[in-house]
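Chains as they are written, first to last, in this note's numbering: chain A, 53 to 249; chain B, 368 to 856.
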């Protein structure tokens, strides 16, 4: 996955033009080109209890129905992300109103912090995801296996403890450390990239 | 344990969905510290990103694109705009042609009145076309529902305050909880009912197309045009229906079809193999199994069922006793309560090739902590409920909380009938201890329709909901017994 380069941008704008000329099926190319960064951004900014893919789909549908309002030649991704931000905000508001939301899902402060980050974070998730992948690849084997077990195989902590011959508490601690390590690695890569550009 | 460790531990539990209500309260206090809040949010975001990456963001791109394209509305406005533009051009050309040779003031006046007239005519035409189009376009009506139902309807709009009688052209309907269901009716009287945790996308642009992403669907389909059969897509199969009654259950990787009336053609998507499934027969199409695909005749119903938890769990995590023993022994060795060789001996003594005993652990969800079991998974015969039916539930809870235990039932000749449930107060549960509850069938009621009863109906699934998603419990056995049958010598 990479950032949208000029050529991709041209393909995207062509697809949008085709949709606006009546070829609805061309919207599939638009979805294909934008889904990955949008889903990644929504996954990291949605509080618990919200399905980010559902918000992504809803955003695409709104973008499709309001495509006439999009100014060709301008940044479609930014426009789409603005729609997604609004959709997410609406859903968060709806969910927040459910009586026991906080006891069921999340500490209120996390939700507020995510809302704050929604406003300030750039839509840089494709880079973040690419960097994360590289950082995971660079993890030592004995650490990388925890990431595979937890996030690809989705096995339970008990099973991870069993496989690694550690206590559950040690596994939890290990996961915390790995995530912190990965976070630092991604941030370093993002800032190094920022400096070179 | 110091404060930092306690915080990390609690936040890990939170990320794993294992937080207790007390834990959330403590976290809320701990997160008042801005550094901690920032750390916790970083961990949360990275956790989500790793999850997305682990589940193959790129690998499921095709599914995501297809599902999104299914949600796009037909575009009446564009159609109206095009007609409007064409009509306007024709009218302007006519008027200008008739007024050739007049003076410029007259031309201007005619031009203005032409513009006004054209605009008014176009507006009227647009309204007529739009509402005419809307009234002739087949719609889908919500005719019945219980529990939490979410509808993303026309134009991708989320329908707030859903009510019976709501009409829409197409969209996505989600039945959120095991105790929720909804019935939808197309204009030709075809009905589609979804129940339990189900996600369904519907459209009918000249042909009814239904995508069952997960869950249970029961349909009673009016005769369809031969060249435009109703299509039902699941992850594992494609069904072509010309007019019949059937039930479908879609899970990850497998689709189970039961035909009650008529004939349904099923295509297994892994190898394209097709079969026709006639009335009172069933078939399972699986992504993993590419062996024979042949329908099985529906057997006579039974009145008793004992859960095979490993196979029956639709929602819930199966954990074998053997595995649990291994984990306990490891912990005992780690804590110095047992030597390694003693643990190995104990493990070997307990080991057997039959690892079928165990329990199902509740899974957190937006509607609470859930377990759903389907007898159809392990039992060939349908389970018929009668006035002598008792439901026995055994398990263990780790805190005191009320539980709702319920049954989804269908009509004996097929089709969804309803949901019946009973509430067990938290005071009856002892934290950390085993429980055993025996419930006569008349304890199960439909709160909104107290006169109806599950007797004489067939069991589709058994479910249990604890209101808090952090409630931890396991179910070790569920049994349906026929006390009269049992009393026979």
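The C-beta atom is built at its ideal place from N, Cα and C for all residues, glycine as well.
For residue 731 (chain B): DSSP bridge partner residues: Here the question's residue 731 (chain B) lines up with position 364 in the second chain. DSSP, once it has assigned bridges, lists B:736 as partnering residue 731 (chain B).
Proximity winner among B:385, B:393, B:422, B:389, relative to residue 370 (chain B) (alpha-carbon distances): Within the second chain, the letter at position 3 stands for residue 370 (chain B). Cα-wise, what sits closest to residue 370 (chain B) is B:393.
Any non-hydrogen atom of the ligand GDP within 7 Å of residue 552 (chain B) CB: For the ligand GDP, the structure offers nothing, since it holds no ligand at all.
Classification of residue 133 (chain A) by the beta-carbon crowding that lies within 10 angstroms, buried from 16 upward: Indexing the first chain from 1 puts residue 133 (chain A) at position 81. The residue is buried, with at least 16 neighbouring Cβ atoms inside 10 Å.
Chain B within 8 Å of residue 183 (chain A), Cβ atoms only: Taking the first residue of the first chain as position 1, residue 183 (chain A) is located at position 131. No, residue 183 (chain A) does not count as interfacial toward chain B.
Among B:600, B:831, B:420, nearest to residue 203 (chain A) - alpha-carbon criterion: Residue mapping note: residue 203 (chain A) aligns to position 151 of the first chain, counting from 1. Out of B:600, B:831, B:420, B:420 has the C-alpha closest to the C-alpha of residue 203 (chain A).
N-terminal and C-terminal residue of the beta strand (DSSP E) that residue 516 (chain B) is part of: Numbered from 1 along the second chain, position 149 holds the residue referred to as residue 516 (chain B). That run of the beta strand (DSSP E) goes 516–519.
Closer than 7 Å at the beta carbon, the chain A residues around residue 865 (chain B): For residue 865 (chain B) there is no data in the structure shown, the boundaries of chain B being 368 and 856.
Own chain, CB closer than 6 Å to residue 326 (chain B), minus 5 neighbours either side, in chain order: With chain B represented from 368 up to 856, any question about residue 326 (chain B) goes unanswered, as that position is not in the structure.
Between the CA atoms of residue 805 (chain B) and residue 535 (chain B) - distance to the nearest angstrom: Sequence index remark: in the second chain, residue 535 (chain B) carries index 168 (1-based). Sequence index remark: in the second chain, residue 805 (chain B) carries index 438 (1-based). Each residue's Cα considered, the two are about 44 Å apart.
Nearest candidate by alpha-carbon position, reference residue 813 (chain B), set B:563, B:830, B:787: On the second chain, residue 813 (chain B) is found 446 positions in, with the first residue counted as 1. Checking every option, the nearest Cα to that of residue 813 (chain B) belongs to B:787.
Strand pairing of residue 513 (chain B), partner residues [DSSP]: The residue given as residue 513 (chain B) occupies position 146 in the second chain. Residue 513 (chain B) is bridged to B:548.
Pick from B:582, B:819, B:592 that is closest to residue 778 (chain B), judged by C-alpha positions: If you number the second chain from 1, residue 778 (chain B) lands on position 411. Of the listed residues, the one whose Cα sits closest to residue 778 (chain B) is B:819.
Against chain A: residues of the stretch 564–579 of chain B by CB proximity under 7 Å: none
Chain A within 8 Å of residue 693 (chain B), Cβ atoms only: Residue mapping note: residue 693 (chain B) aligns to position 326 of the second chain, counting from 1. Yes - at least one Cβ of chain A is within 8 Å of the one on residue 693 (chain B).
Contact set between residue 407 (chain B) and chain A, taken where Cβ atoms lie within less than 7 Å: One-based indexing of the second chain puts residue 407 (chain B) at position 40. Result: 162.
Bridge partners - residue 832 (chain B), DSSP secondary structure assignment: Counting from 1 along the second chain, the entry for residue 832 (chain B) is found at position 465. Answer by DSSP bridge pairing, in chain order: B:737, B:771.
Beta-ladder partner(s) of residue 725 (chain B), from DSSP: Taking the first residue of the second chain as 1, we reach residue 725 (chain B) at position 358. DSSP lists B:687 as partners of residue 725 (chain B).
Alpha-carbon to alpha-carbon, residue 76 (chain A) and residue 119 (chain A): For the purposes of this step, residue 119 (chain A) is identified with residue 67 of the first chain, where counting begins at 1. For the purposes of this step, residue 76 (chain A) is identified with residue 24 of the first chain, where counting begins at 1. So the alpha carbons of these two residues sit roughly 11 Å apart.
Element boundaries [alpha helix (DSSP H), containing residue 627 (chain B)]: Residue mapping note: residue 627 (chain B) aligns to position 260 of the second chain, counting from 1. Per DSSP, residue 627 (chain B) belongs to no alpha helix (DSSP H); it is in the beta strand (DSSP E), 621–628.
Check whether residue 725 (chain B) and residue 676 (chain B) have beta carbons under 8 Å apart: Residue mapping note: residue 725 (chain B) aligns to position 358 of the second chain, counting from 1. Residue mapping note: residue 676 (chain B) aligns to position 309 of the second chain, counting from 1. Cβ atoms of residue 725 (chain B) and residue 676 (chain B): closer than 8 Å.
Residue 60 (chain A) to residue 605 (chain B) span [Cα, whole Å]: Locating residue 60 (chain A) in the first chain gives position 8, counting from the first residue. Locating residue 605 (chain B) in the second chain gives position 238, counting from the first residue. The alpha-carbon atoms of residue 60 (chain A) and residue 605 (chain B) are separated by roughly 34 Å.
Cα-Cα separation between residue 539 (chain B) and residue 821 (chain B), rounded to whole angstroms: In the second chain, counting from the first residue as 1, residue 539 (chain B) sits at position 172. In the second chain, counting from the first residue as 1, residue 821 (chain B) sits at position 454. If you take the alpha carbons of residue 539 (chain B) and residue 821 (chain B), they lie about 29 Å apart.
is_contact[residue 431 (chain B), chain A] using C-beta, thresh 8 Å: Taking the second chain and counting its residues from 1, one reaches residue 431 (chain B) at position 64. Taking Cβ atoms only, chain A reaches closer than 8 Å to residue 431 (chain B), which makes this a yes.
Residue environment, residue 817 (chain B), which counts as buried when at least 16 other CB atoms sit within 10 Å: Residue mapping note: residue 817 (chain B) aligns to position 450 of the second chain, counting from 1. Label assigned to residue 817 (chain B): exposed.
Cα-Cα separation between residue 432 (chain B) and residue 105 (chain A), rounded to whole angstroms: Reading the second chain from its first residue, position 65 is the one you call residue 432 (chain B). Reading the first chain from its first residue, position 53 is the one you call residue 105 (chain A). Straight-line Cα distance between these residues: approximately 11 Å.
Beta bridge counterpart(s) of residue 801 (chain B) as assigned by DSSP: Within the second chain, the letter at position 434 stands for residue 801 (chain B). Looking at the DSSP assignment, residue 801 (chain B) forms a beta bridge with B:763.
For residue 715 (chain B), the first and last residue of its enclosing alpha helix (DSSP H): Taking the first residue of the second chain as 1, we reach residue 715 (chain B) at position 348. Segment 707–717, the alpha helix (DSSP H) holding residue 715 (chain B).
Proximity below 8 Å, CB of residue 195 (chain A) to CB of residue 230 (chain A): Stepping through the first chain from its first residue, residue 195 (chain A) is reached at position 143. Stepping through the first chain from its first residue, residue 230 (chain A) is reached at position 178. In this structure, residue 230 (chain A) lies closer than 8 Å to residue 195 (chain A) by Cβ.
Beta carbon of residue 761 (chain B) nearer than 8 Å to that of residue 803 (chain B): As a first step, residue 761 (chain B) is located in the second chain; it is residue number 394 there, counting from the start. As a first step, residue 803 (chain B) is located in the second chain; it is residue number 436 there, counting from the start. A contact, by the Cβ cut-off of 8 Å.
With 16 other Cβ atoms within 10 Å as the buried cut-off, status of residue 138 (chain A): Here the question's residue 138 (chain A) lines up with position 86 in the first chain. Exposed.
Cα-Cα separation, residue 506 (chain B) to residue 537 (chain B): Along the second chain, read from residue 1 onward, the residue named residue 506 (chain B) stands at position 139. Along the second chain, read from residue 1 onward, the residue named residue 537 (chain B) stands at position 170. One C-alpha to the other measures close to 8 Å.
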